[in-house]
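In my numbering, the protein residues as written are 6 to 95.
Yeah, the Cβ is synthetic: ideal placement off N, Cα and C, and Gly gets one too.
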């Protein structure tokens with residue numbers, strides 16, 4: 006399938022891909038990115054200074070007292086399955 010897609014594109018460099026996307030032959034576009042995209046845009050990641058873990062204020066979240074204690078002890082708990090399963094709001 007990758008061979009068929011590459012044959013439809015005259016060139017696999019950025020200009021060739023852009024031309025294919027604008028040609029009308031391209032039906033869908035998917036873009037896969039990672040955490041580095043937001044960091045490069047100036048959005049702090051979870052662990053960096055000023056990131057979510059550093060600025061988390063569990064007492065302001067709609068969570069059980071037990072979950073608030075967990076988040077105080079370990080800010081990463083805010084994205085844990087256990088907290089999410091009981092309460093999606095944090």
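Does the separation of the CB atoms of residue 88 and residue 82 fall below 7 Å? Locating residue 88 in the chain shown gives position 83, counting from the first residue. Locating residue 82 in the chain shown gives position 77, counting from the first residue. Yes, the Cβ-Cβ distance between residue 88 and residue 82 is below 7 Å.
Would you check if the distance between the CB atom of residue 92 and the CB atom of residue 59 is smaller than 7 Å? The count along the chain shown starts at 1 and reaches residue 92 at position 87. The count along the chain shown starts at 1 and reaches residue 59 at position 54. The answer is no: Cβ separation not under 7 Å.
Taking the alpha-carbon of residue 51 as reference, which of 70, 79 and 16 has the nearest alpha-carbon? Taking the chain shown and counting its residues from 1, the one referred to as residue 51 is at position 46. Selected option, being the one with the closest Cα: 79.
Residue environment, residue 86, which counts as buried when at least 16 other CB atoms sit within 10 Å: Translated into the one-based positions of the chain shown, residue 86 becomes position 81. That one is exposed.
Spatial neighbours of residue 70 within its chain, please: C-beta separation below 8 Å, excluding the five flanking residues on both sides. Residue numbering aside, residue 70 sits at position 65 when the chain shown is read from its first letter. Excluding positions up to five away in sequence, the list is empty.
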